[in-house]
Amino acid sequence: MKIIQVQNVVKRFGDYAASNNISFDVDQGSIFGLIGPNGAGKTTMIRMINNILFPDEGKIFLFGEPQQLSHQNQMGYLPEERGLYKKIKVLEQIIYFGQLKGLSRSEAQTNARFWLKNLDASDWENKKIEELSKGMQQKVQFITTILHNPKLLILDEPFSGFDPINADLLKSIILDLKSKGTTIILSTHIMEQAEQLCDDICLVNKGKKVLDGSIRDIKSGYGRDTILLEFEGDDSFISDIGDLKIINKTQNRVEFRYDSTKISLNDIMLKVMNKVQIDKLEVSAPSLHEIFIDVVSKQEVTSGK
Amino acid sequence: MANNSKIMTIIRHEYLTKVKSKGFIISTILGPLIILAFLGISVASSVLTQNSTEKKIAVLDRTNLKLDQKIILRDKDRFELPTSKSEDELQEQVLNEKIDGYLIIPDDFLQSAKVTVYTRGGGGIGFITLMEKHLNNIIRKERLIQNGTDTSVINMIDVSVDIGTKKITAKGTEKDYTEAYAGIGYILGFFIYIMMMLYGSLVMRSVIEEKANRIIEVIASSARPFEIMMGKVIGIGLVGMTQVTFWLVVGGILLASAGPIIMIFMPKPEVLAGGMQMAQVPQLPIDIPRIPISLILGFIFYFIAGYFIYSTLFAAVGSAVDQESDAAQLQTPVMLPIILPMMFMPAIMANPDGPLAVILSLIPFFTPILMIVRVAATNVPLWQIALSVVLLIGTFFGALWATSKIYRVGILMYGKKPKLSDLIKWIKLAK
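Chains as they are written, first to last, in the working numbering: chain Y, 89 to 393; chain P, 2 to 432.
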C-alpha cells in the first residue's frame with residue numbers, strides 16, 4: 089500500500105519554485121529518503137505533506153485518501169530546527185504536544201513516562217527545558233514526535249545535534265519503529281546516512297526531482313565501477329593507470345571510479361600489482377553521493393547550463 | 002478527535018502556563034498599586050496646573066471705602082494688600098514676579114464702575130470672570146449702602162445660589178453624580194487602555210516566543226494556524242479576565258470592610274454640614290453613587306471587544322518578526338490607536354455629548370476606551386451604542402480575517418525584517 093502519493097506538486101515562493109513538478113510514492117513500512125543538498129526544497133515538500141504549506145498545483149494523497157487536516161494526528165514530525173518551550177517542565181511539555189496530536193491527557197502521560205524511561209530520561213520529568221543539555225533536549229523533542237504512535241514519521245535531518253552514541257540509539261529506535269510497521273520519511277543532505285537506512289529514495293536538487301527508486305536498483309544501474317584500494321608504497325602508479333575519476337585520496341588509500349568501456353578491472357589490477365603491495369581491495373557500486381553528483385552534472389549538461 | 006478539542010487544548014495550555022507564571026502572580030499583586038500610582042500622578046498634575054492659574058493680585062484702593070479689605074475677605078488666597086502705594090513699585094514687583102498683578106480701584110469707582118488690572122499678560126477668561134464676579138458684588142453692595150439701604154435688606158439680597166443637579170429618569174428624579182460618573186468613566190477607560198496594552202503585548206510576546214524557539218512548526222503540524230492563534234488569544238484573554246475578577250473581588254471586600262473603618266476616623270456628617278442636617282443614622286461620609294448594571298455590562302463588552310481586536314493585531318505583528326527587539330517598529334501602528342483616545346479623554350469628559358465625543362467614540366479602534374467614558378458620564382443615545390457594537394463586531398471579524406492570514410504566512414517566515422507593506426502582501430498571498 090502507498091502511504092504517500094505525491095503527484096506533480098508545484099510550490100512557488102515568488103518567482104522561485106521550491107517544488108517544481110515533483111512526484112513520488114512511499115510504500116507502507118519503508119524508510120524513504122528525501123535527499124538533496126541544502127536549499128533543494130526538501131523542507132518545503134515535508135511541510136506540504138504535514139499540512140503546513142499547501143501546493144500551488146498537483147495533489148498529495150496520504151493513507152490512500154486526498155490529504156486532509158485529520159491526517160495530522162497520524163503523523164509525527166521532527167523539524168530540522170528543533171524547539172521546545174524553555175520554561176515548561178519536560179513531562180508537561182511532552183503531554184501538551186501529545187494532546188495536540190489528539191491523545192487524551194492520561195494517554196499522553198502514560199506514553200510520555202514510557203518513553204522517558206526507555207531513553208533513560210525519567211529523572212528529567214520535572215526539569216525545565218532550559219536546564220537540560222542540548223543532547224537531552226533533542227531526546228525530549230524526539231519523544232514528542234513519536235508519543236502518539238504515528239503511522240507516518242517524518243524526520244528532517246534527525247541526526248543533527250546528536251552525539252555518536254545517541255545517534256546510534258536514535259537509529260535503533262527508527263529501525264525498531266520500522267519493524268513495527270511505521271513508515272518513515274527521512275530528509276537529509278548527508279548521503280551516507282540515507283544509504284545506511286533507506287529502502288527507497290528521491291533525490292532532489294533546486295526544486296526538481298533528479299532521481300528516485302530503491303537504493304538497490306539505483307546502484308545496480310550504475311554497476312560496480314568503484315574501487316577502494318589500500319596499499320604500501322609510492323602512489324605515483326595511480327596516474328599511470330589511465331583515465332580514472334579519483335573520489336578520495338589519502339596516504340596509502342585511494343578510492344576511484346573507472347570507465348569499464350575503456351579499461352577492464354583485470355588491466356587495472358595488473359598495473360597496480362607490479363608497483364605496490366596491496367593491503368585491501370574492494371570493488372563496489374558508487375556511493376549515493378557520487379551518483380547524485382553524476383546525475384546532477386549530466387542533467388545540467390543536457391539542459392545547457 | 003474533533004477539531005475543537007485542539008483549540009481547547011491550546012486555550013488550556015496558554016491559560017495554565019500564564020496563570021502559574023511568576024509574572025502573572027506579581028502583576029496581579031502589584032498591578033493595582035501601579036494603576037493607583039498612575040492615577041495619583043494624573044490627579045496631582047491636574048491639581049498642580051490648577052494652582053498655577055491662581056494669581057496673587059495686590060489691590061490698590063484709591064477710594065476711602067476700604068474696598069480692598071472687602072475684596073481680600075472674599076478670596077484671601079488671591080488678593081492681598083499692596084506693600085506700596087506707588088504704581089511704579091508695584092510694576093517692579095510684577096516684573097520681579099513677587100506678585101502676579103495689581104488691581105487699581107479708582108476713587109470714582111462707585112460712579113464709573115471701571116477698574117484696571119495690571120498683569121504680565123493674559124490670565125485667562127476664567128480669571129477675568131472671577132474678578133468681575135467679586136467686583137460686581139462689591140459695587141452693588143456699596144451703592145446700596147451709599148443710598149442708605151438698610152443693612153438687613155442688603156444681607157437679605159446677598160446670597161449666592163448653590164446649583165444642585167438632579168437627573169430625570171422614568172422612576173422620578175434622583176441625585177445626579179455627573180462628576181463622579183465622569184471620574185468612574187475615566188477610571189474604566191484607563192483600565193481598558195492598560196489591559197489592551199498589557200495583554201495585547203503579552204499575546205505578541207507569546208507568539209514571538211513560539212516562533213523564535215522554533216516551536217511553531219511542530220504546533221503547525223498538529224493544528225490549524227487559525228486555531229493556534231485563536232487558542233492563544235482566548236487563553237490569554239481568560240488570564241486577563243481572571244486577573245480582573247480577582248481585583249474586583251478583593252477590591253469589593255476591601256471597600257466593604259473599609260467603609261466602617263473610615264467612619265471611625267472621619268468627623269460625624271452633621272458636623273461637616275455645619276449642624277444644618279441632624280442625621281439620625283450615621284452614614285458613610287463619602288457619598289458613593291450607584292453603579293448602574295448597564296455600565297457594568299458596557300464595560301465587560303467594550304473590554305472584551307477591545308482586547309480581541311487588538312490582541313489579534315498584536316499576534317499578527319508577533320508572527321511577522323523573528324525576535325522581540327524587531328517588533329518595535331511594526332507594533333507602533335497597533336499601539337497608536339490605543340494611545341490616541343487617552344489624549345482625547347479630557348475633552349470627552351468635559352463634553353461627553355458633543356460632536357467630537359460622538360464621532361471619536363464611534364471610530365471602532367477608539368470605541369472601547371472612549372465609549373465607556375461616555376456611557377459612564379452621560380446618557381448615550383441607544384442608536385449610538387447599537388452602532389458602536391455593530392462596528393466593533395464588524396471590525397473584529399475584519400481584523401481576524403486579515404491577521405489570521407498574516408499569521409499563517411508570518412510564522413514560517415524567517416530572516417528578513419518585514420515592513421508593514423510586506424504584511425499587506427501576505428494577506429493577498431495566503432489563500
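Just so it is clear, CB atoms sit at the ideal spot from N, CA and C, and this is done for glycine as well.
I want to check one thing, is the minimum distance from the CB of MET279/Y to the heavy atoms of the ligand GDP below 7 Å?
Annotation note on the ligand GDP: not contained in the displayed structure, which lists no ligands.
Given ALA317/P, which residues of its chain have a CB within under 6 Å of its CB, disregarding the five upstream and five downstream residues?
THR404, ILE407, TYR408
So for TYR104/Y, helix, strand or coil by DSSP?
strand
Contacting residues, own chain, Cβ-Cβ under 6 Å from ILE412/P (five flanking each side not counted)
LYS212, ILE217, SER320
Is there a Cβ of chain Y sitting closer than 8 Å to that of ALA328/P, yes or no?
no
Is the stretch 215-233 of chain P touching the stretch 6-18 of chain P, taking contact as three or more C-beta pairs under 8 Å?
yes
Given a cut-off of 8 Å on the beta-carbon distance, is the pair ILE106/P and ARG63/P in contact?
yes
Nearest to ARG121/P by CA position, among SER6/P, LYS99/P, ILE364/P, ARG225/P, is which residue?
LYS99/P
In whole angstroms, give me the CA-to-CA distance for ILE197/Y and LYS19/P.
Inspection of the sequence shows that residue 197/Y is occupied by Gln rather than by Ile. About 21 Å.
Between the alpha carbons of GLN281/Y and ASP211/Y, how many angstroms are there, rounded?
31 Å
For ASN214/P, which three-state DSSP category applies?
coil
Just to confirm before moving on: does the CB-CB distance between ILE386/P and TYR303/P stay below 8 Å?
no
For SER46/P, the three-state DSSP class (helix, strand or coil)
helix
Taking the beta carbon of THR338/Y as the centre, do at least 16 other beta carbons fall within 10 Å, making it buried, or is it exposed?
exposed
Limits of the beta strand (DSSP E) - the one that PHE149/Y falls within
145-150
Report buried or exposed for GLU388/Y, applying the criterion of at least 16 other Cβ atoms within 10 angstroms of its Cβ.
exposed
Members of the stretch 173-196 of chain Y that neighbour chain P once the beta carbon cut-off is set at 7 Å:
TYR173, LYS174, ILE176, TYR184, PHE185, GLN187, LEU188, LYS189, GLY190
Skipping 5 residues on each side, what residues in its chain have a beta carbon closer than 6 Å to that of GLN93/Y?
ASP113, PHE149
So which residues of chain P does GLY295/Y contact, with C-beta pairs closer than 7 Å?
Correct list: empty, because the minimum Cβ distance to chain P is about 17 Å.
By Cβ distance below 7 Å, which residues in the same chain neighbour GLN365/Y in space, the five residues on each side in sequence not counted?
PHE319, GLU320, GLY321
If I follow the unbroken alpha helix (DSSP H) through LYS368/Y, where does it start and stop?
Segment 365-372 is the beta strand (DSSP E) holding LYS368/Y; no alpha helix (DSSP H) there.
Below 8 Å between beta carbons: does that hold for CYS290/Y and LYS297/Y?
yes
Can you tell me whether DSSP reads ASN138/Y as helix, strand or coil?
coil
Who are the Cβ neighbours of GLU143/P in its own chain at under 8 Å, not counting the five residues just before and after it?
LEU66, LEU68, LEU111
Count the other CB atoms, across all protein chains shown, that sit within 10 Å of the CB of GLU228/P; report buried if there are 16 or more and exposed otherwise.
buried
Determine, using beta carbons only, whether ALA316/P comes closer than 8 Å to chain Y.
no
Could you tell me whether the stretch 187-205 of chain Y touches the stretch 25-37 of chain P, where touching means 3 or more Cβ pairs closer than 8 Å?
no
For GLY121/Y, list the residues DSSP reports as bridge partners.
LEU274/Y, ILE289/Y
DSSP three-state assignment for ASN336/Y, whether helix, strand or coil:
strand
Against GLN160/Y, what residues of chain P qualify as contacts under a CB-to-CB distance less than 8 Å, listed in chain order?
SER222, SER223, ALA224
Can you tell me whether GLY241/P is buried or exposed, with buried defined as 16 or more other CB within 10 angstroms of its CB?
buried
Just list the residues that DSSP pairs ILE302/Y with in beta bridges.
The residue asked about is misnamed: residue 302/Y is Ser in this sequence, not Ile. Partner(s): ASP288/Y.
Are the C-beta atoms of ASN214/P and some chain Y residue less than 8 Å apart?
yes
Check the DSSP bridge columns for VAL118/P and list the partner residues they point to.
LEU104/P
Do you know whose CA, among ARG375/P, MET346/P, ALA378/P, SER222/P, lies nearest GLY190/Y's CA?
SER222/P
Nearest-angstrom Cβ-Cβ length linking LYS227/Y and LEU207/Y, presumed shorter than 8 Å
5 Å
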